[in-house]
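Accompanying notes for the structure given below.
Chains as they are written, first to last, in the working numbering: chain X, 772 to 1158; chain A, 14 to 196; chain B, 480 to 572.
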């Protein structure tokens, strides 16, 4: 386990450290559990003179999102972090940010939404924003989360799209584990200084208006371009993940979009996002020891959703259980809905939606085994696995 | 894999204790994972924190249901929060108390060490902050972490927020507790 | 009308059900004979647990005491007592 570059720190601290090392210019945020430690650390760095970004403590998440929108529009690198009610309060501005094509990076410390009030983890907050035009990436470990932030800036700035990096609240944000945080000098090799396209930024010496009105003759084309760019960012993610591997020596899944774990001969495949994938891998190894051919497809990129790539990876599966820490009320788990759409006419496997871990319910190895055992049954209804 | 579960009340430094154990194990060359399980966020509310130690990266994020070690920082929780739940035959329990095990957890038949860390903390730190003294007792009883690594963990963890004087007192409490605790 | 399985309204919480005395390290012991009944302890107590007992000591003073179910042992009463009749003693569990 000896690795001199590794240290043991809290996930939130690692994120704050890497944001500083990404040479961000403007940060604005409003504290909310469990995102708090990230912004506290950033504020401390600023207060102690260890960082030279501007830190603006906003009076709400709505204001924080608006501040980074304005700052980003002037052509600088920006950052914010939030979750849950905070993310929902930002919603209106987040749609604007995507529509205005501003390359902002946001960390969502995934938390359940009210009511009832819950400060604990699930992914309902982020998935609710899936139609906004933000790219959404989900990390399994704190190492992956930190590396996704480095990739996120390069992705955002090359596609002119905002990127939300998701890390499970408490489960990752408050966990100490070994991690390598890349230094500024190394990150610089990967992530060049942000240079916005000419004549797109707000500049007092060259006045322009941003957020102008689009009449019915052009609104649709602008929205279509946004959609197409979100889709085509798939290729860019794969390319950037390869580059990241070259410079940092660390992989983000198979291709930046997803990770396949023991899929080759798997009859039963679990599909999930975020930290629960670690627990699933542990269960898979144990179940394989007992002769059960189980595999995992870990989705890293929910938006863009890598339809063809995922379908290809799941070709041999007979039973697919999709584990969601969220639900589209009255329908199914959000990841399950996306997967069923992508699989339509292309996959023969049974695909079933399982809801787990809402509002911080601990996802145990026993629950995962229960899902593996029940996906083979005839019934295809959505199931809540709480014990 | 070794699993350690810590029980205490909000404000007692339970989460920090979990972090310190994980950090010390990491400095000894192991992989470790430490995370809290908050109840209601207020001082005095029962808090749980978890540590896992292994020789390879720990993937599972499951909380700990069958701990190898249980650390109870507040003895009143034995009655109030059922911290002994899931204890195995070989589980070792450490309780901050200067009473006898039979008095603190009557009827429990597993291995219990009552360690008077509060006394040490009050004597050296001057405040009822017991987690660093508990770390010393844990290092002695468990043999899982080296005392030097534990001291380095305190230095690194508290160094961000506290001055040298406080760190020195905490390291002194750690070492005293390590010395006086009997296996 | 649909009757919900989980009632979303709850009885308001009350701190009287939550005995905070359990997390004390020291407890105040009042020397009833020395107490002059000035009430300073009840004025400075952040928990409001110091009270007049209504009983008189041999000097005819109505002396004070505290409700140990809720006293957190902060020691403010002892610090502010003008006649120093309150001692903080160890209260280990």
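Where is the CB? At the ideal position from N, CA and C, for every residue including glycine.
Values in this document were obtained by computation on a predicted structure and should not be read as measured data.
Pick helix, strand or coil for residue i, following the three-state DSSP scheme.
i                       : result
residue 1072 of chain X : strand
residue 130 of chain A  : helix
residue 57 of chain A   : coil
residue 937 of chain X  : strand
residue 149 of chain A  : helix
residue 1134 of chain X : coil
residue 815 of chain X  : helix
residue 773 of chain X  : Reliability of the predicted coordinates at residue 773 of chain X is poor, the pLDDT of 48 falling under 50, and the value obtained from them is presented with this limitation in mind. It is coil, neither helix nor strand.
residue 1060 of chain X : helix
residue 832 of chain X  : helix
residue 567 of chain B  : strand
residue 980 of chain X  : coil
residue 780 of chain X  : strand
residue 877 of chain X  : strand
residue 50 of chain A   : strand
residue 160 of chain A  : helix
residue 866 of chain X  : helix
residue 39 of chain A   : helix
residue 493 of chain B  : coil
residue 911 of chain X  : coil
residue 1067 of chain X : strand
residue 791 of chain X  : helix
residue 481 of chain B  : coil
Would you please verify whether the beta carbon of residue i is less than 7 Å from any beta carbon of chain A?
i                       : result
residue 1033 of chain X : no
residue 779 of chain X  : yes
residue 1046 of chain X : yes
residue 492 of chain B  : no
residue 533 of chain B  : no
residue 773 of chain X  : Note that residue 773 of chain X scores a pLDDT of 48, beneath 50, so its modelled location is shaky; the value from the coordinates is reported in the next line. Answer yes: the Cβ-Cβ gap between residue 773 of chain X and chain A drops below 7 Å somewhere.
residue 571 of chain B  : yes
residue 501 of chain B  : yes
residue 504 of chain B  : yes
residue 518 of chain B  : no
Check whether the Cβ atoms of residue i and residue j lie closer than 7 Å to each other.
i                       : j                       : result
residue 805 of chain X  : residue 880 of chain X  : yes
residue 785 of chain X  : residue 958 of chain X  : no
residue 929 of chain X  : residue 851 of chain X  : no
residue 826 of chain X  : residue 1044 of chain X : no
residue 1008 of chain X : residue 1034 of chain X : no
residue 1129 of chain X : residue 893 of chain X  : yes
residue 50 of chain A   : residue 61 of chain A   : yes
residue 78 of chain A   : residue 99 of chain A   : yes
residue 899 of chain X  : residue 782 of chain X  : no
residue 166 of chain A  : residue 33 of chain A   : yes
residue 939 of chain X  : residue 1046 of chain X : yes
residue 869 of chain X  : residue 933 of chain X  : yes
residue 901 of chain X  : residue 1074 of chain X : yes
residue 549 of chain B  : residue 528 of chain B  : yes
residue 58 of chain A   : residue 23 of chain A   : yes
residue 848 of chain X  : residue 795 of chain X  : yes
residue 1120 of chain X : residue 1092 of chain X : no
residue 1156 of chain X : residue 1039 of chain X : no
If we define contact as Cβ-Cβ less than 7 Å, is residue i a contact residue for chain X?
i                      : result
residue 141 of chain A : no
residue 162 of chain A : no
residue 73 of chain A  : yes
residue 76 of chain A  : yes
Can you confirm whether residue i, when its beta carbon is compared against all beta carbons of chain B, has any partner nearer than 7 Å?
i                      : result
residue 89 of chain A  : yes
residue 193 of chain A : no
residue 22 of chain A  : yes
residue 95 of chain A  : no
residue 57 of chain A  : yes
residue 183 of chain A : no
residue 111 of chain A : yes
For the ligand FAD, is there any heavy atom lying closer than 6 Å to the beta carbon of residue i?
i                       : result
residue 1005 of chain X : Annotation note on the ligand FAD: not contained in the displayed structure, which lists no ligands.
Using Cβ-Cβ distances below 8 Å, what residues of the region 1133-1152 of chain X are close to chain A?
Listed by position along the chain: 1133, 1134, 1135, 1136.
For the region 941-960 of chain X, enumerate the residues whose C-beta is nearer than 8 Å to any C-beta of chain A, in chain order.
Against chain A - using a Cβ distance shorter than 8 Å - the residues of the region 941-960 of chain X are 941, 942, 945, 946, 947, 948, 949.
Relative to chain A, which residues along the region 1049-1061 of chain X have a C-beta separation below 7 Å, given in chain order?
Cβ contacts with chain A: 1049, 1050, 1052, 1053.
Residues of the region 14-48 of chain A with a CB closer than 9 Å to any CB of chain B: list them in chain order, please.
Residues 22, 24, 25.
Just list the beta strand (DSSP E) runs in the region 68-143 of chain A, keeping only unbroken ones of 3 residues or longer that don't cross its boundaries, in chain order.
Segments of the beta strand (DSSP E) lying fully in the region 68-143 of chain A: 82-85, 105-109, 124-128.
Length-filtered (4 minimum) alpha helix (DSSP H) runs lying within the region 1094-1154 of chain X
Listed in chain order, they are 1105-1114, 1136-1145.
Runs of alpha helix (DSSP H) wholly within the region 982-1063 of chain X (minimum 4 residues, chain order):
Taking only runs of at least 4 residues, the alpha helix (DSSP H) segments lying wholly in the region 982-1063 of chain X are 990-1019, 1047-1060.
Identify each residue in the region 109-138 of chain A for which the Cβ-Cβ distance to at least one residue of chain B is less than 9 Å, and report them in chain order.
Within the region 109-138 of chain A, the qualifying residues are 109, 110, 111, 112, 117, 129, 131, 132, 135.
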